[in-house]
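First up is the structure itself, then whatever we jot down about it.
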Amino acid sequence: MFKDLQSRHFDLIAFAEKLLLMESHFRTPEAVGSALQAYGLPATIRRSGRIRSWILADKPA
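Structure follows, in structure tokens:
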């Protein structure tokens, strides 16, 4: 599990965005990868550091 989404900083950012009616949603890289795989796209997650992640998916030809 991507633990940084449970940190106080993300809670404060999410609260501020709700106050501003931005309706943003923070998803873990694993959740995004699972959603892509549900649509039949093979997804790979690459991490760089504690917060930065890349989610790679190949579109069928």
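If you read the sequence shown in the working numbering, its first letter stands for residue 43, the second for the next number, and so on.
The beta-carbon is built from N, C-alpha and C at its ideal position, and this holds for glycine as well.
How many whole angstroms separate the CB atoms of residue i and residue j, which I take to be in contact at a CB cut-off of 8 Å?
{"i": "Glu-72", "j": "Ile-55", "result": "Actually they do not touch by this definition, with Cβ atoms about 20 Å apart."}
{"i": "Leu-98", "j": "Ala-85", "result": "7 Å"}
Can you list, in chain order, the residues of its chain whose CB lies under 6 Å from that of residue i, leaving out five sequence neighbours each side?
{"i": "Arg-89", "result": "Ser-95"}
Just to confirm the assignment, what range does the alpha helix (DSSP H) spanning residue i have?
{"i": "Leu-62", "result": "Per DSSP, Leu-62 belongs to no alpha helix (DSSP H) and is neither H nor E."}
{"i": "Ala-103", "result": "Here Ala-103 belongs to no alpha helix (DSSP H), and DSSP marks it neither H nor E."}
Between which two residues does the beta strand (DSSP E) containing residue i stretch?
{"i": "Ser-90", "result": "85 to 90"}
Return the chain-ordered list of same chain residues with a C-beta closer than 8 Å to the C-beta of residue i, the five sequence neighbours on each side being excluded.
{"i": "Ser-66", "result": "Ala-56 and Glu-59"}
Please state whether the Cβ-Cβ distance between residue i and residue j is less than 8 Å.
{"i": "Leu-83", "j": "Lys-101", "result": "yes"}
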